[in-house]
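See below for the structure under consideration.
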Amino acid sequence: MPAIIAQVNVAVKAEYGERASQVAGCFPFGRKIFARCRDDLLETYLGALIDNLQKLAPALVVTLRSDWLALHQSSGTAGAQKATAEASRRNARRGLERELYLNLLALAQNFPLQPEKLNLFMQPSLLFPHRGHKAAPSIPVEG
1 MPAIIAQVNV AVKAEYGERA SQVAGCFPFG RKIFARCRDD LLETYLGALI
51 DNLQKLAPAL VVTLRSDWLA LHQSSGTAGA QKATAEASRR NARRGLEREL
101 YLNLLALAQN FPLQPEKLNL FMQPSLLFPH RGHKAAPSIP VEG
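Listed below in structure tokens is the structure:
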């Protein structure tokens, strides 16, 4: 997208001059705003640019609009896929935590008053909720 915006900027400046009102109409906040703003604002700025270009260079409008739509759709799809993957991982982690606690209860039932057996059958650190990439605290085991 930045390359297309640069091409449009150069084309408008070449046609009307560096300081022409047409350049200011198409790029009232300069070119950098297109690289720095959020997607919802970008759509507004592109809309204004496209409206101005419609009068000046209709052929550029088709390219600009189609490239923006493709980029915006792929960005939205990637965001949705990421959210779905994160939710799946969280749900899998919760399921694992539940099963580990059930295993702990079964071990306590099968080996009463023998906490040293816990380390033989499982990793106690996995019993704690996952907090980012920090290591989970270990359970002290009396011997």
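Position 24 of the sequence shown, counting from 1, maps to 24 under the working numbering, and the rest follow consecutively.
Glycine included, every Cβ here is placed at the ideal spot set by N, Cα and C.
Remember, it's a predicted structure, so these values are computed and weren't measured experimentally.
- request: Spatial neighbours of C26 within its chain, please: CB distance less than 6 angstroms, with the 5 preceding and 5 following residues excluded, ordered by chain position.
  value: V12, L49 and N52
field: Expected contact under 8 angstroms - CB spacing of R31 and N9 to nearest Å
entry: 5 angstroms
message: Looking only at its chain, what residues have a beta carbon closer than 6 angstroms to the beta carbon of A3, apart from the 5 residues adjacent to it on each side?
response: none
- prompt: Beta carbon of L107, beta carbon of M122: below 9 angstroms?
  reply: yes
query: Roughly how many angstroms separate the alpha carbons of A20 and Q7, rounded to a whole number?
result: 17 angstroms
- request: Would you please state the rounded distance, in angstroms, between the beta carbons of Y45 and I33? I believe it to be under 8 angstroms.
  value: 6 angstroms
- prompt: Counting along the chain, where does the alpha helix (DSSP H) carrying C26 start and finish?
  reply: S21 to C26
message: By the DSSP assignment, the alpha helix (DSSP H) with F121 in it spans what residues?
response: L118 to F121
- prompt: From R90 to E97, what does the alpha carbon distance come to, in whole angstroms?
  reply: 11 angstroms
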